[in-house]
Ligand code: UDP
Ligand code: MG
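Numbering (my numbering), first residue to last: 205 to 534.
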């Protein structure tokens, strides 16, 4: 029996690209069969769309496919997990529904992962991002520098979710049931060998990007709270430094008063100290709150997502019992 490639396609309000993606899907399936002798199954995950676009796949898709409709918008990271829970492929490919991810790059990645049995993931990095010199880019680089500090595994910068992985990589990911998911970190955490290729994404076909600046910042914070303790350590260190300096300054004032009789000059220094320390305290409380909130989300032990329905070309595939915690090994 031929091996199978599952293609996971999370989407949120991508009505305008359904026809285009279905055509791309047909093309990809044909080429994958011809070049690698792989069967394919497309698994669409409707991440709470409100534009009725999901139903359109039934009209346009040919071949083997299924559609998992989530009860609301859980976020792309979680939608991917829902897809993984329902996939059994020997290889799993992640693709966007907006036609930005092209067949050529996908075939290139599949070819590489099949050619090298040591390799468990191939991911595509946007070449235009790697070279750009915008403020956003510098901020992103700073983010990756900070999150990777003192880590045993490295989370690569600029890498998105355009990836292909082996079945055993997919199994590993299924076991990681983080509530606040930061996929890039999870991919790195598994420790499997990964390779990157550069690509230039196509223009988005209709609809609009779902990543606002606000969302990106929130997402970065999630990255920190699930993968790094460095921000907390930095603030603690800074706080300790300030306290030591304050103590030394206090001793200096005391000695001055005792030996020279000079009175301490007035308010400004006081106000500065109060404001700096007060502000720092508030900031640190907020930061600790982020980590506590993250811990609380995990402690509640809710399922990662709720499935409303599963439809598709064949009978509904059975869900993997991924929701139990038993499957997870530290
Ligand atoms: N997406 C999703 N859930 C969300 C946000 C986005 O499933 O909450 C899907 C979206 O429909 C698209 C893919 O994730 O298929 C990538 O999103 P987008 O194109 O907005 O990101 P960009 O390409 O701009 O980075
Ligand atoms: Mg896009």
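All residues carry an ideal CB built from backbone N, CA and C; glycine is no exception. What you are looking at is a predicted structure, and each value in this text was computed from that prediction instead of being measured.
The alpha helix (DSSP H) enclosing residue i, as first and last residue numbers
| i | result |
| --- | --- |
| residue 472 | 471-504 |
| residue 424 | 417-431 |
| residue 446 | 434-464 |
| residue 390 | 387-394 |
| residue 346 | 339-351 |
| residue 303 | That residue, residue 303, is in no alpha helix (DSSP H); it is neither H nor E in DSSP. |
| residue 308 | 307-319 |
| residue 231 | 222-240 |
| residue 279 | Segment: none, residue 279 is in no alpha helix (DSSP H) and carries neither H nor E. |
| residue 261 | 258-264 |
Whole-angstrom C-beta distance between residue j and residue i, which should lie under 8 Å
| i | j | result |
| --- | --- | --- |
| residue 212 | residue 287 | 4 Å |
| residue 364 | residue 419 | That belief does not hold up - the Cβ atoms of residue 364 and residue 419 are roughly 15 Å apart, past 8 Å. |
| residue 314 | residue 228 | With 8 Å as the limit, residue 314 and residue 228 do not qualify as a contact, their Cβ atoms being about 15 Å apart. |
| residue 253 | residue 216 | 6 Å |
| residue 268 | residue 245 | 4 Å |
| residue 367 | residue 327 | 4 Å |
| residue 323 | residue 397 | 5 Å |
| residue 392 | residue 357 | 5 Å |
| residue 484 | residue 443 | 7 Å |
| residue 508 | residue 285 | 6 Å |
| residue 279 | residue 219 | Actually they are not in contact, since the Cβ atoms of residue 279 and residue 219 sit about 19 Å apart, beyond 8 Å. |
| residue 498 | residue 430 | 6 Å |
| residue 376 | residue 394 | 5 Å |
Bridge partner(s) assigned by DSSP for residue i
| i | result |
| --- | --- |
| residue 269 | 246 |
| residue 326 | 368 and 399 |
| residue 213 | 248 |
| residue 413 | Bridge partners of residue 413: none, in fact. |
| residue 284 | In the DSSP output, where bridge partners are listed per residue, residue 284 has none listed. |
| residue 296 | 210 and 369 |
| residue 274 | 511 |
Residue span of the beta strand (DSSP E) that contains residue i, given as start and end
| i | result |
| --- | --- |
| residue 363 | 363-370 |
| residue 514 | 511-516 |
Cβ-heavy atom distance, residue i to the ligand MN, below 6 Å
| i | result |
| --- | --- |
| residue 352 | Ligands displayed in this structure: the ligand UDP and the ligand MG; the ligand MN is not among them. |
Sufficient close CB pairs (3 or more, under 8 Å) joining the region 448-456 to the region 375-394
By the C-beta criterion, the region 448-456 is judged not to be in contact with the region 375-394, since fewer than 3 inter-stretch pairs fall below 8 Å.
Between the region 496-515 and the region 265-280, are three or more C-beta pairs nearer than 8 Å?
In short, these stretches touch, since the Cβ pair count reaches three.
Three or more C-beta pairs below 8 Å linking the region 229-238 and the region 302-322:
With a cut-off of 8 Å, the region 302-322 and the region 229-238 count as touching, because enough Cβ pairs lie within range.
Cβ contact check for the region 423-440 and the region 481-498: 3 or more pairs under 8 Å:
Using a Cβ-Cβ distance cut-off of 8 Å, the region 423-440 and the region 481-498 are in contact, since at least three pairs of beta carbons, one from each stretch, lie closer than that value.
So, do the region 293-301 and the region 394-402 have three or more beta carbon pairs nearer to each other than 8 Å?
With a cut-off of 8 Å, the region 394-402 and the region 293-301 do not count as touching, because too few Cβ pairs lie within range.
Taking one C-beta from the region 344-356 and one from the region 244-257 each time, how about it: are there three or more such pairs within less than 8 Å?
Touching, no, given that fewer than three Cβ pairs across the two stretches are closer than 8 Å.
In chain order, what residues have a CB nearer than 7 Å to some heavy atom of the ligand MG?
Result: 300, 302, 304, 408 and 413.
State whether the region 403-417 contacts the region 214-224, with contact taken as three or more CB pairs (one from each stretch) at a distance under 8 Å.
A contact between stretches requires three or more CB pairs, one per stretch, nearer than 8 Å, and the region 403-417 meets this requirement with the region 214-224.
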